[in-house]
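Contents: one structure, followed by commentary.
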Amino acid sequence: MRNWFKNENVQMTAIALATAIGAQFKINPFQEDYFRIGLGVSILLFLLMIMPHLSYVKTGILTGFTSFIVQSIDLLYDVNSMSVLESLHDNVGAGIYYIVFSYGLSKFKDRFHEIQPLLLGGLITCVDFSSNLAELFIRGVLNGTSILDMKEWLYLFVVGGLRSYFVSGLYNSLAVRQMRVLHAEQEKRMEQMLNVNSGLYGEVFYLKKSMKTIEGITADSYDLYRDLREQDMNQYSHRTLGIAQQIHEVKKDSQRILAGLLKLYDSEKAVNMSLSEVLNFATKGNRKYSEMLNKRIEIELEQQYDCDSPFYIPLLTVMNNLIANAVEAIGSEGTIRIQVLEQEEDVQFVVTDSGQGVSEAKRNIIFEPGYTTKFNEVGIAATGIGLSHVRDIVQSLEGHITIESVEQGGKGTTFVVSIPKRNLVKGAEVKDSFHRDE
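Residues in the sequence shown are numbered consecutively from 83, following our numbering.
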């Protein structure tokens, strides 16, 4: 059944029938009964605009023929004394109108969404007026009436303009709504993609650091093996060699995993995103995160500096983690304030929360690898990338991160990330921790 409705011939027939039926709801603007205005034109125009895949000429011919048949039958039924020839003379003009009208629309049907609304309404008005003139000409030839009446022409032009602008306005309003829905869907997909890339960036950054550690352990193990062999401690040297080989296998497996992850993240794409967009995605995602944790948290944003940056994924990773940490540090309700400030040659990203804060003793170790305050109900530590890796990502942009105390008498924690402006703008040559040659 669905495939049947998708058939173009069925669609054109449906348009023809809808137009012919709509044309029966009409008014006679002049004293004579040779010209009528109905809803059929508006119906035809609207349906053609939302179905540009159809052949307008074929649809116009089919609509003209259907309208002629329906109106002739209706007229013969109402006026029993009228002959078939008289009915033909009276209604063939309406059929010609639909053909000319559809043909005129076909000349710019592929550019409905490109033409400005006012211009589009004007073009349709001209097509409508030309079609009306064609109808009047046919009626004049068949019925022997004059079509050179400027008052009637003006009336036709005004009515056609009102009808054209009304229908084109309806079409544009629907198009705008559809674009908004599409934009919302694209924004949702973009948010999901950025969240995935942000998490991926942090995990790959962590994996690359682990790779360097594994390489060092492998080298040290092999050096230990050679030292033990030189001292004729064969039993221990063979065991050490086995350990070195196992570590080497772990390294190769990690390299394969890293290569697979790097295929998902293409750091060589020349794409830029503004800082305001980065902050928008970070705050939006963490508002949802706070709602998921059943917390009432207000996130405030103050942005004094903006620029486009190719390093939006590292920035989003940093901001996502800092804001998520702030969300987790707050109890059932609180406030998170995010600031982007311009400080001479640096850009500062400041994240302040109203949580319990961090003691002076813990501030000295909070950026140490492996440090965490987050454990689940069975005592297992969280698996986030941690502040040590956030610090490393910031340092890869030649920046630094510090933790500061909230003003005296207040609660909470303030993280300040400072990055040189030159390392954020487009074209800056900054060490990319994802470079494949490292």
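Where a beta carbon is used, it is the ideal one built from N, C-alpha and C, also for glycine.
Restricting attention to alpha helix (DSSP H) runs no shorter than 4 residues, the stretch 388-423 encloses them at 394-411, ordered along the chain. With contacts defined by Cβ atoms closer than 9 angstroms, S246 and D192 do not form a contacting pair.
Excluding sequence positions up to five before and after Y394, its CB lies within less than 6 angstroms of the CB of M355, V360, all in the same chain and listed in chain order.
Taking all protein chains shown into account, H471 has 16 or more neighbouring C-beta atoms within 10 Å of its C-beta and is therefore buried.
Less than 9 angstroms separates the beta-carbon of N402 from that of G367. If you look at L383, you'll find it in the beta strand (DSSP E) that goes 378-385. In the three-state reduction of the DSSP assignment, H135 falls in the coil class. Within its own chain, the residues whose Cβ lies closer than 8 angstroms to the Cβ of I405, once the five positions on either side in sequence are excluded, are A364, T365, N368, I381, I418, I420, V433, listed in chain order. Rounded to the nearest angstrom, the Cβ distance from T495 to A411 is 7 angstroms, consistent with a contact under 8 angstroms. Burial is judged here by how many other beta carbons sit within 10 angstroms of a residue's own beta carbon; Q386 has fewer than 16 and is exposed.
Here L469 is not near I501, since their CB atoms are 9 angstroms or more apart.
DSSP places S441 outside both helix and strand once states are collapsed to three, so it counts as coil. Remark: C-beta atoms of L127 and S250 approach each other more closely than 9 angstroms. Beta-bridge partners of H482 (DSSP): S500. G439 places its beta carbon 9 angstroms or farther from that of I379. Using a Cβ distance threshold of 9 angstroms, L129 and I97 count as a contacting pair. Residue burial is scored here from C-beta neighbours: M94 has at least 16 other C-beta atoms within 10 angstroms and is therefore classed as buried. Boundaries of the beta strand (DSSP E) harbouring Q430: 428-435, taken from the DSSP string. Between the alpha carbons of A100 and V422 lies a gap of roughly 58 angstroms. By the criterion of a C-beta distance shorter than 7 angstroms, L310 is surrounded in its chain by Y318, S319, T322, once the five residues flanking it on both sides are discounted. Minimum Cα-Cα distance from G298 among the listed residues A326, Q313, N173 corresponds to A326.
Per DSSP, F190 lies in no alpha helix (DSSP H) and is assigned neither H nor E. L506 is a Cβ neighbour of C389, given a cutoff of 9 angstroms.
Its chain contains L276, S280, V360, F363, A364 as the residues whose beta carbon lies nearer than 7 angstroms to that of L398, once the 5 sequence neighbours on both sides are disregarded; these appear in chain order.
For the pair L306 and N316, the Cα-to-Cα distance works out to about 12 angstroms.
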